[in-house]
Ligand code: UDP
């Protein structure tokens, strides 16, 4: 039986990955300090003898050493995530994302364990060269703009992965593109989809930042998990980085309309200034689109779920789980 260590396994992507790996017959240990992860996301697995949960931080090196020594492979998803969190507390974000990954990689190197590192499409920054190929140049703003600290920290992590790989460590990287699905946080931290669904189900104004022409490529959770699994398992992925995303581009204005329609909500769309949402020093990414060819050719990965279908499943879940 394969023994996996999944850091950040109580998050949205992490917990769905846990479900999938348990279904596949693996033994799964999760470390999560429940900062953004939630116990509800893994509660249904707590009685499974093949599942083990530790409410702790990846900064605890002694514990991490034992866990890494005893596993066969690591899926490292623990991170401070979500632009709003990073902007609210940049220092914790940087420390968790850089130090935490350093600990995981160093121990993986010591015990020679395969690592899947969860990175983000945020590393491309405000590059306008869409679709982003994995080796597209990164374009970031000033260090006075906190938002870019997330992109920078994750890029440092990617560099660390490649540096360890050059010493022989089997490591692969995924860059996620706006993953969504059941379990997304209704407070909307880090997910415009969650925020809009919650607003629409409550018949509150749907808050579009700016003019709503900025775009994202929303990727349903099952696709995100499938891409993660393939990157974590295939030999062709070792020493490399892959965009894991759907390439359908949707504007935020369009997303708002679609969610209002699918929920049958009476909500109105209101445009609000970025400064109101994030404070003064904020810059948004205008378009974010993955080039999906590398993942398709090398891993046989392609996102399957259409946006309407994924939103409907997410809305059904939200009706049962959000507060009204
Ligand atoms: N956004 C919005 N209204 C909200 C929350 C987010 O218009 O209430 C916008 C946000 O400014 C960005 C996009 O939706 O342009 C995606 O934001 P999210 O936080 O989901 O993720 P990002 O892709 O920025 O990391």
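Numbering (our numbering), first residue to last: 3 to 326.
Just so it is clear, CB atoms sit at the ideal spot from N, CA and C, and this is done for glycine as well.
Here the structure is a predicted model, which means the values were calculated and not measured.
- Taking 7 Å as the line, does the beta carbon of residue 132 fall inside it for any heavy atom of the ligand UDP? No - the ligand UDP has no heavy atom lying nearer than 7 Å to the Cβ of residue 132.
* Looking at C-beta atoms only, is the number of pairs between the stretch 285–299 and the stretch 134–151 that lie closer than 8 Å three or more? -> Output reads yes: the stretch 134–151 touches the stretch 285–299.
Handout entry: Limits of the beta strand (DSSP E) - the one that residue 141 falls within
Key = Counting along the chain, residue 141 falls outside any beta strand (DSSP E), and DSSP gives it neither H nor E.
Worksheet item: How far does the alpha helix (DSSP H) with residue 82 in it reach, from first residue to last?
Response: Where residue 82 is concerned, there is no enclosing alpha helix (DSSP H), because DSSP gives it neither an H nor an E.
- Query: From residue 100 to residue 250, what does the alpha carbon distance come to, in whole angstroms?
  - Reply: The C-alpha of residue 250 is placed about 31 Å away from the C-alpha of residue 100.
Notebook entry, point to check: On the premise that residue 176 lies in contact with residue 229, defined as a C-beta separation below 8 Å, what is that separation, rounded to the nearest angstrom?
Noted result: Between residue 229 and residue 176, the beta carbon gap of about 6 Å places them in contact (Cβ cut-off 8 Å).
*Decide yes or no for the touch test of the stretch 196–211 against the stretch 159–175: beta carbon pairs closer than 8 Å, at least 3 of them.*
Of all C-beta pairs linking the stretch 196–211 to the stretch 159–175, fewer than three are shorter than 8 Å, placing the two stretches out of contact.
Is residue 197 close to the ligand UDP? I mean its beta-carbon at under 7 Å from any heavy atom of the ligand. Indeed, a heavy atom of the ligand UDP lies less than 7 Å from the Cβ.
Restricting to Cα atoms, I'd like to know which of 168, 32 and 148 is closest to residue 47. If we check each option's Cα against that of residue 47, 32 comes out closest.
- [ ] Check each candidate in 24, 80, 78 and 39 and name the one with the smallest Cα separation from residue 54.
- [x] Out of 24, 80, 78 and 39, 24 has the C-alpha closest to the C-alpha of residue 54.
field: Rounded straight-line distance, which links the Cα of residue 90 to that of residue 223
entry: Just so you know, the alpha carbons of residue 223 and residue 90 end up roughly 26 Å apart.
Item to check | Continuous beta strand (DSSP E) assignments of at least 3 residues falling wholly in the stretch 216–303 | outcome: Segments of the beta strand (DSSP E) lying fully in the stretch 216–303: 243–246 and 271–274.
- request: Could you tell me if the beta carbon of residue 159 falls within a distance shorter than 7 Å of some heavy atom in the ligand UDP?
  value: Not under cutoff, so the answer is no.
*asked:* Tell me which residues share the same chain as residue 310 and place their Cβ nearer than 8 Å to its Cβ, disregarding the 5 neighbours each side in the sequence.
replied: Spatial neighbours of residue 310 in its own chain (CB-CB distance under 8 Å, excluding positions within 5 residues in sequence) are listed in chain order as 260 and 264.
- Query: Quick one: does the C-beta of residue 180 sit closer than 7 Å to a heavy atom of the ligand HEM?
  - Reply: As far as ligands go, the structure on display features the ligand UDP and does not contain the ligand HEM.
**Asked** Does any heavy atom of the ligand UDP sit closer than 7 Å to the C-beta of residue 226?
**Response** If you check the C-beta of residue 226 against the ligand UDP, you find no heavy atom less than 7 Å away.
| message | Along the chain, where does the beta strand (DSSP E) containing residue 59 start, and where does it finish? | response | Run containing residue 59: none; DSSP gives neither H nor E here.
TODO: Run the proximity test for residue 218: is its beta-carbon closer than 7 Å to any non-hydrogen atom belonging to the ligand UDP?
DONE: Using a cutoff of 7 Å, the CB of residue 218 counts as near the ligand UDP, since one of the ligand's heavy atoms is closer than that.
Cα-Cα separation between residue 36 and residue 301, rounded to whole angstroms
Rounded to whole angstroms, residue 36 to residue 301 spans 32 Å at the Cα level.
Pick out whichever of 215, 164, 121 and 187 has its Cα sitting closest to the Cα of residue 247. Selection 215, 164, 121 and 187 evaluated against residue 247 yields 121 as nearest (Cα-Cα).
Tell me which residues share the same chain as residue 232 and place their Cβ nearer than 6 Å to its Cβ, disregarding the 5 neighbours each side in the sequence. A distance below 6 Å between beta-carbons, with the five flanking residues on each side excluded, links residue 232 to the following residues of its chain, in chain order: 301 and 303.
Original post:
So, is residue 78 buried or exposed, given that buried needs 16 or more other C-beta atoms within 10 angstroms?
Top reply: So residue 78 counts as buried.
*Grouping DSSP H, G and I as helix and E and B as strand, with all else coil, what is residue 41?*
Look at residue 41 here: in three-state DSSP terms it is helix.
| said: At a threshold of 7 Å, does residue 286 count as lining the ligand UDP (C-beta to nearest heavy atom)? | reply: Within 7 Å of the C-beta of residue 286 there is at least one heavy atom belonging to the ligand UDP.
query: Residues bridged to residue 209 by DSSP?
result: DSSP output for residue 209 lists 272 as bridge partner(s).
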